[in-house]
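Read through the structure below, which is laid out as structure tokens, and then see the notes.
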Amino acid sequence: MTLVGAAGMYAFEKDFADGSSGLNNYGTALWWTAMLMMTMGSEYWPKTPEGRILCLVLALYAFAVFGYVTATIATFFIGRDAEDDEAELAGAKSITALQTEIAALRAEIQQLLNQNSKS
């Protein structure tokens, strides 16, 4: 995506009238696209409407990819914490233990109620 985006940006910006775009060779366009996709920005910005639209599409793509990567990493750590009995979050094992404890408490309450009703 970076290589194709750089080619598109170079194609749109290479012939800008006054040459102030700064994206007038493929190497610079590739550097600019890589920096944009890493959300670091650059001192150059597209001057043509097509270049600006491509810039928006590349930025949205980069945010989506980084969001996906972040969610994948977070899911890994949350899953790992759920398996650990010492973890802050209640995992599946501790939920099962709580359900067993609740069932035992209900049985004890029922026994107490039965004893009180007989007396």
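Heads up, the sequence shown is in this note's numbering, so the first residue is 191 and it goes up one at a time. Positions of the beta carbon are idealized from the N, C-alpha and C atoms, including for glycine.
With a Cβ-Cβ cutoff of 8 Å, do residue i and residue j count as a contact?
i	j	result
L248	T223	yes
F266	G241	no
Y251	M199	no
Taking the continuous alpha helix (DSSP H) assigned at residue i, which residues delimit it?
i	result
M225	Y216 to M227
Y234	Segment: none, Y234 is in no alpha helix (DSSP H) and carries neither H nor E.
M199	T192 to E203
Please list, in chain order, all residues of the same chain as residue i whose beta carbon is under 6 Å from its beta carbon, the five residues on each side excluded.
i	result
N214	K204
L220	A196
Decide if residue i is buried, meaning its Cβ has at least 16 other Cβ atoms within 10 Å, or exposed.
i	result
Y234	buried
A196	buried
P236	buried
L226	buried
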